[in-house]
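Mapping of the sequence shown onto this note's numbering: residues 135 to 516, in sequence order.
Glycine included, every Cβ here is placed at the ideal spot set by N, Cα and C.
From a predicted model like this one, the values you see are computed outputs, not experimental measurements.
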Amino acid sequence: MKIIVAGGDGFCGWPTALYLSNQGHDVIILDSLIRRKWDQELHSNSLTPIANLDQRITRWQELTGKKIKTYIGDLNHYDFLREVLIQTKPDAFVHFAEQRSAPYSMIDREHAVFTQVNNVVGTLNVLYGIKEIVPDCHLIKLGSMGEYGTPNIDIEEGYLNVIHNGREDTIPYPKQPGSFYHLSKVHDSHNIMFATKAWKIRATDLNQGVVYGLHTKETLMDPMLVNRLDYDAVFGTVLNRFLAQAAVGQNLTVYGKGGQTRGFLNIMDTIRCIELAIDNPAKHGDFRVFNQFTEEFSVSDLAKKVQEVARAKGFDPHITHIENPRIEKEDHYYHAAHSKLQDLGLEPHLLTYQVLSDIFVSVLEHKDRLLKDNLLPNIRWA
Ligand code: NAD
Ligand code: USQ
Numbered sequence: 135m136k137i138i139v140a141g142g143d144g145f146c147g148w149p150t151a152l153y154l155s156n157q158g159h160d161v162i163i164l165d166s167l168i169r170r171k172w173d174q175e176l177h178s179n180s181l182t183p184i185a186n187l188d189q190r191i192t193r194w195q196e197l198t199g200k201k202i203k204t205y206i207g208d209l210n211h212y213d214f215l216r217e218v219l220i221q222t223k224p225d226a227f228v229h230f231a232e233q234r235s236a237p238y239s240m241i242d243r244e245h246a247v248f249t250q251v252n253n254v255v256g257t258l259n260v261l262y263g264i265k266e267i268v269p270d271c272h273l274i275k276l277g278s279m280g281e282y283g284t285p286n287i288d289i290e291e292g293y294l295n296v297i298h299n300g301r302e303d304t305i306p307y308p309k310q311p312g313s314f315y316h317l318s319k320v321h322d323s324h325n326i327m328f329a330t331k332a333w334k335i336r337a338t339d340l341n342q343g344v345v346y347g348l349h350t351k352e353t354l355m356d357p358m359l360v361n362r363l364d365y366d367a368v369f370g371t372v373l374n375r376f377l378a379q380a381a382v383g384q385n386l387t388v389y390g391k392g393g394q395t396r397g398f399l400n401i402m403d404t405i406r407c408i409e410l411a412i413d414n415p416a417k418h419g420d421f422r423v424f425n426q427f428t429e430e431f432s433v434s435d436l437a438k439k440v441q442e443v444a445r446a447k448g449f450d451p452h453i454t455h456i457e458n459p460r461i462e463k464e465d466h467y468y469h470a471a472h473s474k475l476q477d478l479g480l481e482p483h484l485l486t487y488q489v490l491s492d493i494f495v496s497v498l499e500h501k502d503r504l505l506k507d508n509l510l511p512n513i514r515w516a
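The following block contains the structure:
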């Protein structure tokens, strides 16, 4: 198939593009490269030294003979997107290309506005582009488990059956997100749902949990193909952050009580879930929603797991409960359905001691690049 991977220079997009290329698909990366500029803005870096996109795809072609075409541009620029769709006529459009950090969206008004415009307008343009140029193209859009928030009832996959005043209906599951970033994902979901109904296009919204790890079979083929790994308090996600903190002898920063529970998945399962969505496309007019995670953990659980793995390697990180910079429940019920991707064939890579230990070893290899000033959070929700 011909597949556009928008956001293909990023943490999830790069290994997905390589994997799909390796499976024989004709892969096209579309990316504005803005993620690299945010590193400059935040005086931050990827823990792993990442090559530029040209070097990456050149190396990939040298190693495998497979060509990945790139288009450098912004989804917010419709003329650019339109031209890419006309030239490539994709069968599937995998959409990772958003500002994905909750703390970044909470820096100030400008960053909140930027995040919502970047994400919501970018996705709206993709919807119009598909309608106008490639109406059969399957949109596979990365949403977030955080769209649902942490309700005191079970979370379903996208929809909820409700009986109200004696009448029954199936409605979109209520959304109670916890940042302007997560809200942008909710707005995207509503726009996609409306567009699929109105224009009979086909879309899958993948409500992904927090991703951990960095390597995949393809990124391990050569140092030039290594994936990025964020550990800073703005873009680093919690488990990768704890591993980086342990590697440089810093405390593991549990925010508040640490009972915050989320769905998690290994980056290797991210790429497989995308493949499953591509291989089993949504029907025209169908707004399909999958919850994309494999296990639930509290933040405190994860800190303890990292502490155990680090101790076995001769480190002794302390777990510290620091004041929570976010407004979120720190002790709550959490039980979310996530069977649809497994029904399609996902075989989860679970967070075993060995898996965690292997990721820790990869983090240790690059620990000298870590900028300690970037570890503690300084963006507050209140
Ligand atoms: P990332 O920041 O590493 O990559 C995103 C990529 O998109 C970057 O290369 C960036 O340059 C590009 N981009 C952003 N805005 C763009 C625009 N307007 N036009 C063109 N390119 C643009 O993020 P990631 O961790 O790879 O996340 C990818 C997607 O998955 C995001 O939509 C995110 O919300 C979602 N997601 C990520 C996680 C996670 O834990 N990383 C979890 C759940 C969902
Ligand atoms: N947390 C800590 N200590 C830290 C960092 C985070 O206790 O040092 C806590 C946070 O307070 C939060 C939880 O860990 O309760 C998860 O935080 P995170 O930064 O790992 O993840 P989050 O902000 O939710 O965002 C990430 C991705 C985002 C994606 C989301 C999936 O950056 O793109 O949408 O995970 S989900 O969480 O399911 O919404």
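| Check | Outcome |
| --- | --- |
| For residue 280, tell me which candidate among 250, 462 and 403 has the shortest Cα-Cα distance. | 462 |
| Per DSSP, residue 470 is paired with what? | 289 |
| Are there 16 or more other CB atoms within 10 angstroms of the CB of residue 328, so buried, or fewer, so exposed? | exposed |
| The ligand NAD and residue 356: does the residue's C-beta get closer than 7 Å to at least one heavy atom of that ligand? | no |
| Output needed for residue 169: all residues of its chain with C-beta closer than 6 Å, excluding positions within five of it in sequence on either side, in chain order. | 144 |
| Using a Cβ-Cβ cut-off of 6 Å (strictly less than) and excluding sequence neighbours within five positions of residue 136, which residues of its own chain qualify? | 160, 224 and 225 |
| Comparing C-alpha positions only, which one of 275, 269 and 241 sits nearest to residue 253? | 275 |
| In the DSSP assignment, find the unbroken beta strand (DSSP E) run with residue 306 in it and report its ends. | 301 to 306 |
| Is residue 439 helix, strand or coil when you go by DSSP? | helix |
| For residue 277 and residue 235, what's the separation of their Cα atoms in angstroms? | 13 Å |
| Comparing alpha-carbon positions, which option in 486, 482, 269 and 382 lies nearest residue 334? | 269 |
| The alpha helix (DSSP H) that contains residue 342, what's its start and end? | Note, residue 342: premise wrong, no alpha helix (DSSP H); beta strand (DSSP E) at 336 to 342. |
| Near residue 208, what residues of its chain come up, given a Cβ to Cβ distance below 6 Å and the 5 sequence neighbours on each side ignored? | 166 |
| At a cut of 8 Å, does the region 450 to 460 reach the region 423 to 432 through at least three beta carbon pairs? | no |
| At 3 residues or longer, and completely inside the region 197 to 285: list those beta strand (DSSP E) runs for me, N to C. | 203 to 206, 226 to 229 and 272 to 278 |
| For residue 429, I'd like the list of residues in its chain whose CB is within less than 8 Å of its CB, leaving aside the five on either flank, ordered along the chain. | 397, 398, 399, 482, 484 and 485 |
| Using only the heavy atoms of the ligand USQ, determine whether one of them is closer than 7 Å to the beta carbon of residue 462. | yes |
| Hey, could you find the ends of the alpha helix (DSSP H) residue 147 is sitting in? | 147 to 156 |
| So what's residue 346 in DSSP terms, helix, strand or just coil? | strand |
| Can you tell me the Cα-Cα spacing of residue 219 and residue 386, whole angstroms? | 45 Å |
| Contact between the region 352 to 368 and the region 183 to 194: three or more CB pairs below 8 Å? | yes |
| In angstroms with no decimal places, state the Cα-to-Cα distance between residue 295 and residue 500. | 48 Å |
| Determine which residues share a DSSP beta bridge with residue 139 and list them. | 163 and 228 |
| Mind checking residue 316: buried by the 16 CB within 10 Å criterion, or exposed? | buried |
| Can residue 371 and residue 388 be called in contact, C-beta distance under 8 Å? | no |
| Do residue 487 and residue 440 have their CB atoms nearer than 8 Å? | no |
| At what residues does the alpha helix (DSSP H) containing residue 487 begin and finish? | 487 to 499 |
| Mind checking residue 247: buried by the 16 CB within 10 Å criterion, or exposed? | exposed |
| So does the region 490 to 497 actually touch the region 409 to 423, counting three or more Cβ pairs closer than 8 Å? | no |
| From residue 447 to residue 380, what distance separates their C-alpha atoms? | 10 Å |
| Measure the CB-CB distance between residue 138 and residue 227 and report whether it falls below 8 Å. | yes |
| Does the Cβ of residue 366 lie closer than 7 Å to at least one heavy atom of the ligand NAD? | no |
| Would you mind reading off the limits of the alpha helix (DSSP H) that contains residue 406? | 401 to 413 |
| Select from 150, 290, 362 and 303 the residue whose C-alpha is nearest the C-alpha of residue 341. | 290 |
| Along the chain, where does the alpha helix (DSSP H) that runs through residue 394 open and close? | Note, residue 394: premise wrong, no alpha helix (DSSP H); not H, not E. |
| Using the C-alpha atoms, what's the distance from residue 212 back to residue 383? | 47 Å |
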